[in-house]
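Below is one structure, written out as structure tokens; comments come after it.
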Amino acid sequence: ADTIVRDGGINAICSLLERFDAVSQVPWIKCETLSCGAVEVAFTSLLRLTYPYWINKPSKSWLAGAFMAWRRNSYEEIGTHWIVRNSLVEDADLGKIASESGLSVSFFYAKYAQSTWVSSWRESLITLQRILSVRAPSKATALLLLMLFSAVSLFTYLMPLLVTYGLVNPTIGVVYVISTFGYASLSLHEIDMNPLSLFLAPIGLIIVGFSLFMARHGKIIWKGRELCTN
216 ADTIVRDGGI
226 NAICSLLERF
236 DAVSQVPWIK
246 CETLSCGAVE
256 VAFTSLLRLT
266 YPYWINKPSK
276 SWLAGAFMAW
286 RRNSYEEIGT
296 HWIVRNSLVE
306 DADLGKIASE
316 SGLSVSFFYA
326 KYAQSTWVSS
336 WRESLITLQR
346 ILSVRAPSKA
356 TALLLLMLFS
366 AVSLFTYLMP
376 LLVTYGLVNP
386 TIGVVYVIST
396 FGYASLSLHE
406 IDMNPLSLFL
416 APIGLIIVGF
426 SLFMARHGKI
436 IWKGRELCTN
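Heads up: the sequence shown begins at 216 in my numbering, then just goes up one per residue.
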């Protein structure tokens, strides 16, 4: 199995169902490769900005399928997983539908469940393409984001040279590097990975951007189904 639930996890999630209709743990990912860690840091950092799990709004709510639980009556009320059977990201969409229906959906932070995710750059690209296809922006916006992410990544790696040759003020350069990697390091609380992956996160950001672009310019194959996103 790709998810391991530790002792206490079932009791913890069941106790939360006394207050919520559906709950799931903030994804705790185990990365066994540097590429996995790099992409996960980039993706988690962006997710924290765009879809913060601590804000329960219909437009932002979602659930992580690795470890979640429902009140039975609430689950049946919205149509169970049958209602999202054709979705590429079933659990996230089910959480959104529940929130839009007025049900209380929430995340909780813990390390009871640990999931093993992608293992290579290519697998990261394919997996994120599927996940991002659900709420991907327009083709033009996706292209602009790819260009922006690539520029940020390149700028980050070139910063030492830019400072050395006097093209960037040293103070600005130091503040930029510290703030960038400092924010990225927040993901270490949600990812079990080699710390060296943190320094590859700018490359991971490009992978995320390219996945977003491909989510609007390609085909996605999932569970024997093929979806054209053009």
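Note that beta-carbon positions come from the ideal geometry of N, C-alpha and C, so glycine has one too.
Are Thr-218 and Ala-279 touching if we call contact CB-CB under 7 Å?
no
Exposed unless 16 or more other CB atoms sit within 10 angstroms - verdict on Gly-297
According to the sequence as given, residue 297 is Trp; it is not Gly. Trp-297 is exposed by the Cβ-count criterion.
Locate the beta strand (DSSP E) running through Thr-218, then write down its first and last residues.
218 to 220
Measuring alpha carbon to alpha carbon, tell me which of Phe-323, Ser-368, Lys-311, Thr-295 ends up nearest Arg-234.
Among Phe-323, Ser-368, Lys-311, Thr-295, the Cα nearest to that of Arg-234 is on Phe-323.
Please classify Phe-323: does DSSP put it in a helix, a strand, or coil?
Looking at Phe-323 - three-state DSSP - the assignment turns out to be strand.
What residue from Asn-409, Gly-397, Pro-242, Ser-365 has the CA that sits closest to Val-220's CA?
Pro-242
Local conformation of Gly-331 per DSSP, three classes:
The identity of residue 331 in the sequence shown is Thr, whereas the question assumes Gly. Note: Thr-331 maps to strand in three-state DSSP.
Rounded to whole angstroms, what is the Cα-Cα separation between Val-390 and Leu-309?
41 Å
Give me whichever residues DSSP pairs with Met-283 in a beta bridge.
Ser-239
When the Cα atoms are used, what is the spatial distance from Tyr-398 to Gly-424?
For Tyr-398 and Gly-424, the distance between alpha carbons rounds to 18 Å.
Can you give me the Cβ contacts of Val-299 inside the same chain, cut-off strictly under 6 Å, excluding the 5 residues immediately before and after it?
Glu-305, Asp-308, Leu-309
Bridge partners of Lys-354, per DSSP?
Lys-354 pairs with nothing; no bridge assigned.
Which residue's Cα is closest to the Cα of Leu-249: Tyr-380, Cys-229, Trp-332?
Trp-332
Under a Cβ-count criterion, where at least 16 other Cβ atoms within 10 Å of its own Cβ denotes burial, should Met-182 be classed as buried or exposed?
Any question about residue 182 goes unanswered here, given that the chain covers just 216 to 445.
Is the beta carbon of Ala-416 less than 7 Å from the beta carbon of Ala-227?
Inclusion of Ala-416 and Ala-227 in the CB contact set at 7 Å is not warranted, their separation being larger than that value.
Contact set for Ala-313: own chain, Cβ-Cβ below 6 Å, skip 5 residues either direction:
Excluding its 5 nearest sequence neighbours in each direction, Ala-313 has C-beta neighbours in its own chain below 6 Å: Ala-237, Ile-293, Val-320, listed in chain order.
What runs of the beta strand (DSSP E), each 3 residues or longer, lie entirely inside the stretch 357 to 394?
none
Below 6 Å CB to CB, which residues in the same chain sit around Ser-365 once its five sequence neighbours on both sides are set aside?
Ile-421
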